[in-house]
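Protein chains in written order, with our numbering: chain W, 1 to 137; chain R, 1 to 137; chain P, 1 to 137; chain S, 1 to 137; chain U, 1 to 137; chain Y, 1 to 137.
Beta carbons are placed, not taken as given, at the ideal position from N, Cα and C, and that holds for glycine.
Accompanying notes for the structure given below.
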């Protein structure tokens, strides 16, 4: 079993808040991340896939193919977008890094399976100090 | 003459656009950076000050003092904010990295002068691939 | 199950030695790390906590809360200190990165449990080339 | 159980191709990595070993010893070499990062075992965006 | 005057040698970089352009335009290529990082001038420890 | 004129203090950096030399030669040492990063001149956020 990882980037706006809370409650719970006029991040995304290297290529999975799946299913939806307002798979979800990592996993898994590999991990760095990793259910 | 640099970070939302343009014109000129619902970045800021080390401390300027000036004059205004809507010194300016670097220079220079040092450079990394540096007029 | 990581830094002095050894024996076993007049490092600490994101916040654990626990229990004791002489939880221990990671785990675990989360990993980078990770017993 | 990691670098040339394919077929399967006149990389290698810290040193394994094993068994064979033409343990193998990580594992395991430790992982970064990890059979 | 920098990457093979030298002389002068079967690097390229931000865009120069010039004039010629054998502007030159930086400058300057900006610096990192910068004649 | 830079590392202990001050005065002026029992850093050193590439090698200066000069004159004296107590060229100096950069310049300049090149800059990163650069008198 070999693990291969592709690193990608996207830049998005978001805020953390619950619509049923007042601005004061949101500030108390979510701090400055609740700013009603948004803020944003350079997200760093690391997608890890596992499998056996194929004898004819030496690849677990062609990283260009993996990169294309990430572009189609994740980056096109998230890059230079507002996560709360524009991303279909985050509708109705709190835009936390945890929920975003789970949403990205769900976006990526079918295409990676269809390519004959297995998704192992979605790692998302919101800042260089705040990192989330999801390994599936 | 010795140059000292303090590195800081802030996370903000912005968009690039001219209000007199249509969305189509803004898209043509500014690309996906013109998204009307915003996007954002982890900005990396490097402020360089020059001077002679003082004999009694060995410091050109106490970096804690420099860090405090940056916090008061720049980070408190920019971090977790919307650059277009909430930052006083960017009112009426296009929110490009170039203009932001110039704006930050103007915010910082009086306090650094008052501390007996000379501002040499404001370097601003919008992403790890896009970097702006301003050395004053 | 989602894993969240908070990255922190501290700068400390230490030396590797056994008091019952002569300086020559310490030099032979621990190399230049045994220098009797100390040396030091910028330690990079990554603390990983696991759990389910809470529905009301989307957080496994508030990273500001995690950061506060790390500050109170670890950074206040280690930053700008001498690990051999000033750190209560390293008394009588060899100041290796391995032992330091175990000591940090023991410092952090009760507070993280009390916050309703589970400590998963303490990763400590002494230099960018020398890294230790401890996942508990 | 504690995990220790040593990070090393080597710079090599390689190409991805199957000798029974035409240049066109190799280009279709392996893309620009099939260039018949070679290309190359700064490979970053992270070797992780696990064990209990020894009471007399506080070390799982002396990182200088681990570094020496990596130099003797891996870096001397790979650094400033052509992976396809000059590396004994890659003879007859496709020079993919996956196969290279497995080959490095096989080179390192006996010496690490002989030193009383257990090899846990070989992580190899071909570029900062393309990463492979092998944890053994 | 504002300085903007675009960071790009390419992966190439090369060797350092003089054809009139024997292998032994090349080894003595250029060390392991003279390996006749090539080695390679992940080169990191930073191109800095200077000018006044334009009032209508806030840009010194559109970084997408700069990135396109770099792709057309430099990356297409160098990425996944053999610098000694395949790069037109390096024909007859020693493939040192110094000469490569000068060659890249000469490739880039006309297109950047034509775009109304001024090339300020070409910085080329062969490894993270070996860096060359050229500021023109 | 081409600039070449060699990056090196050393790990040292130090403290900032004036012997004629009380511990309280030192704490007030130098903060936690005045800890009487020392602290330390992983210093990152970047030495930049300028000159014309030599026609016979394509080098401004052989980086292995530069690296050797840095090892002999700087790293051997500083690495795993106490800057205040063990470094000859820092005797009687406040161990600030500014003074250390100037001291390193003075150590390096004669050997670089003797090698036919010109020292341009000594850049010293005490932490990733605190950086000093000295360009000579």
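- Task: Examine chain S for any beta-carbon lying closer than 9 Å to the beta-carbon of residue 58 of chain W, and answer yes or no.
- Result: Your numbering for residue 58 of chain W matches position 58 in the first chain. Judged by the 9 Å Cβ criterion, residue 58 of chain W is in contact with chain S.
- Task: Using beta-carbon positions only, say whether residue 57 of chain W and residue 94 of chain S come within less than 9 Å of one another.
- Result: Taking the first chain and counting its residues from 1, one reaches residue 57 of chain W at position 57. Taking the fourth chain and counting its residues from 1, one reaches residue 94 of chain S at position 94. Going by C-beta atoms, residue 57 of chain W is nearer than 9 Å to residue 94 of chain S.
- CA-to-CA distance, residue 72 of chain W to residue 101 of chain S, given in whole angstroms: As a position in the fourth chain, residue 101 of chain S is number 101, starting the count at 1. As a position in the first chain, residue 72 of chain W is number 72, starting the count at 1. In a straight line, the C-alpha of residue 101 of chain S is about 29 Å away from that of residue 72 of chain W.
- On the DSSP bridge assignment, give the partners of residue 123 of chain R in chain order. To locate residue 123 of chain R, count along the second chain from 1; it is residue 123. Residue 123 of chain R is bridged by DSSP to R/46, R/133.
- Message: So for residue 26 of chain P, helix, strand or coil by DSSP?
- Response: Taking the third chain and counting its residues from 1, one reaches residue 26 of chain P at position 26. DSSP places residue 26 of chain P in helix when its eight states are reduced to three.
- Please check if any C-beta of chain W sits within less than 9 Å of the C-beta of residue 5 of chain S. Translated into the one-based positions of the fourth chain, residue 5 of chain S becomes position 5. No, because no Cβ of chain W sits closer than 9 Å to the Cβ of residue 5 of chain S.
- Item | Sequence-distant residues of its chain with Cβ nearer than 8 Å to residue 74 of chain R (five each side left out) | In the second chain, counting from the first residue as 1, residue 74 of chain R sits at position 74. Only 8, 10, 45, 104, 107, 108 meet the Cβ criterion.
- Which residues, in order along the region 68-85 of chain S, keep a beta-carbon less than 8 Å from a beta-carbon of chain P? none
- What residues of chain R sit near residue 12 of chain Y, judged by a beta carbon separation below 7 Å? To locate residue 12 of chain Y, count along the sixth chain from 1; it is residue 12. Within 7 Å Cβ-Cβ: nothing; residue 12 of chain Y doesn't reach chain R, min ~15 Å.
- Item | Inter-residue spacing [alpha-carbon to alpha-carbon] between residue 89 of chain S and residue 13 of chain U | Working through the fourth chain from its first residue, we reach residue 89 of chain S at position 89. Working through the fifth chain from its first residue, we reach residue 13 of chain U at position 13. Their Cα atoms are separated by approximately 21 Å.
- Does DSSP classify residue 128 of chain U as helix, strand or coil? Working through the fifth chain from its first residue, we reach residue 128 of chain U at position 128. Reduced to three states, the DSSP call for residue 128 of chain U is coil.
- Of all the residues that make up the region 31-50 of chain R, which are near chain W by a beta-carbon distance shorter than 7 Å? 32, 33, 35, 37, 38, 39, 40, 41, 42
- Item | Selection of the region 104-133 of chain W by Cβ proximity to chain R, strictly under 7 Å | 127
- Task: Give the straight-line distance between the Cα atoms of residue 130 of chain R and residue 6 of chain U, rounded to the nearest whole angstrom.
- Result: The count along the second chain starts at 1 and reaches residue 130 of chain R at position 130. The count along the fifth chain starts at 1 and reaches residue 6 of chain U at position 6. One alpha carbon belongs to residue 130 of chain R, the other to residue 6 of chain U, and they sit about 5 Å apart.
- Task: With a threshold of 16 other CB atoms inside 10 Å of the CB of residue 81 of chain Y, please say whether the residue is buried or exposed.
- Result: One-based indexing of the sixth chain puts residue 81 of chain Y at position 81. Result: buried.
- Item | Reference residue 120 of chain Y; option with closest CA among Y/110, Y/126, Y/127, Y/128 | Along the sixth chain, one-based indexing puts residue 120 of chain Y at 120. Among Y/110, Y/126, Y/127, Y/128, the Cα nearest to that of residue 120 of chain Y belongs to Y/110.
- Query: The beta strand (DSSP E) with residue 97 of chain S in it runs from where to where?
  - Reply: Within the fourth chain, residue 97 of chain S is the residue found at index 97, counting from 1. Premise fails: residue 97 of chain S lies in the alpha helix (DSSP H), 97-114, not in any beta strand (DSSP E).
- Determine the direct distance from the alpha carbon of residue 53 of chain R to that of residue 99 of chain Y, and round the result to whole angstroms. Indexing the sixth chain from 1 puts residue 99 of chain Y at position 99. Indexing the second chain from 1 puts residue 53 of chain R at position 53. Rounded to the nearest angstrom, the two C-alpha atoms are 8 Å apart.
- Message: Suppose contacts are defined by Cβ-Cβ distances below 9 Å. Is residue 39 of chain Y in contact with residue 79 of chain P by that definition?
- Response: Position 39 of the sixth chain, counted from the start, is the residue given in the question as residue 39 of chain Y. Position 79 of the third chain, counted from the start, is the residue given in the question as residue 79 of chain P. Yes, they are a contact pair.
- Message: For chain U, check one thing: does any of its Cβ atoms lie closer than 9 Å to the Cβ of residue 22 of chain R?
- Response: Taking the second chain and counting its residues from 1, one reaches residue 22 of chain R at position 22. False, the Cβ-Cβ gap to chain U never drops below 9 Å.
- Among W/4, W/35, W/3, which one has its Cα closest to the Cα of residue 18 of chain W? Position 18 of the first chain, counted from the start, is the residue given in the question as residue 18 of chain W. It is W/35 whose Cα lies nearest to the Cα of residue 18 of chain W.
- Message: If we define contact as Cβ-Cβ less than 9 Å, is residue 135 of chain U a contact residue for chain R?
- Response: In the fifth chain, the residue the question calls residue 135 of chain U occupies position 135. The beta-carbon of residue 135 of chain U is placed no less than 9 Å from the nearest beta-carbon of chain R.
- Item | As assigned by DSSP and simplified to three states, the class of residue 77 of chain Y | The residue labelled residue 77 of chain Y in the question sits at position 77 within the sixth chain. Residue state, collapsed to three classes: helix.
- Message: Could you tell me the alpha carbon to alpha carbon distance between residue 134 of chain R and residue 113 of chain U, rounded to whole angstroms?
- Response: Working through the second chain from its first residue, we reach residue 134 of chain R at position 134. Working through the fifth chain from its first residue, we reach residue 113 of chain U at position 113. Rounded to the nearest whole angstrom, the CA to CA distance from residue 134 of chain R to residue 113 of chain U is 20 Å.
- Below-9 Å beta-carbon distance, residue 90 of chain R vs any chain Y residue: Reading the second chain from its first residue, position 90 is the one you call residue 90 of chain R. Taking Cβ atoms only, chain Y never reaches closer than 9 Å to residue 90 of chain R, which makes this a no.
- Item | Within chain P, partners of residue 138 of chain S - CB distance below 8 Å | With chain S represented from 1 up to 137, any question about residue 138 of chain S goes unanswered, as that position is not in the structure.
- Cβ neighbour criterion (16 or more within 10 Å) applied to residue 51 of chain R: Indexing the second chain from 1 puts residue 51 of chain R at position 51. Buried is the call here.
- Message: I believe residue 42 of chain S touches residue 42 of chain U by the beta-carbon criterion, under 8 Å. Please report the beta-carbon distance rounded to the nearest angstrom.
- Response: Here residue 42 of chain S refers to the residue found at position 42 of the fourth chain. Here residue 42 of chain U refers to the residue found at position 42 of the fifth chain. About 4 Å; that satisfies the 8 Å criterion.
- Indicate the three-state DSSP secondary structure (helix, strand or coil) for residue 89 of chain U in the structure shown. Within the fifth chain, residue 89 of chain U is the residue found at index 89, counting from 1. Residue 89 of chain U falls in the helix class under three-state DSSP.
- Query: Measuring CA to CA, which of U/31, U/37, U/70, U/29 is closest to residue 49 of chain U?
  - Reply: As a working mapping, residue 49 of chain U is identified with position 49 in the fifth chain. Nearest to residue 49 of chain U by C-alpha distance, out of U/31, U/37, U/70, U/29, is U/70.
- Item | Option in P/123, P/60, P/87, P/124 with minimal Cα separation from residue 3 of chain P | Counting from 1 along the third chain, the entry for residue 3 of chain P is found at position 3. Of P/123, P/60, P/87, P/124, the residue nearest in Cα terms is P/60.
- Query: Excluding the five sequence neighbours on either side, which residues of its own chain have a C-beta within less than 6 Å of the C-beta of residue 33 of chain U, listed in chain order?
  - Reply: As a first step, residue 33 of chain U must be located in the fifth chain, where it is residue number 33. If we look at residue 33 of chain U and ignore the five residues flanking it on each side, its Cβ neighbours are 16.
- Message: Using DSSP's beta-bridge definition, name the partner residues of residue 4 of chain R.
- Response: If you number the second chain from 1, residue 4 of chain R lands on position 4. Note: residue 4 of chain R sits in a beta bridge opposite R/49, Y/132.
- residue 31 of chain S - DSSP class collapsed to helix/strand/coil: On the fourth chain, position 31 is the one that residue 31 of chain S refers to. Helix.
- Taking C-beta pairs closer than 7 Å, name the residues in chain S that residue 65 of chain W reaches, listed in chain order. On the first chain, position 65 is the one that residue 65 of chain W refers to. Ordered by position in chain S, no residue passes the 7 Å Cβ test against residue 65 of chain W, which lies about 11 Å from the chain.
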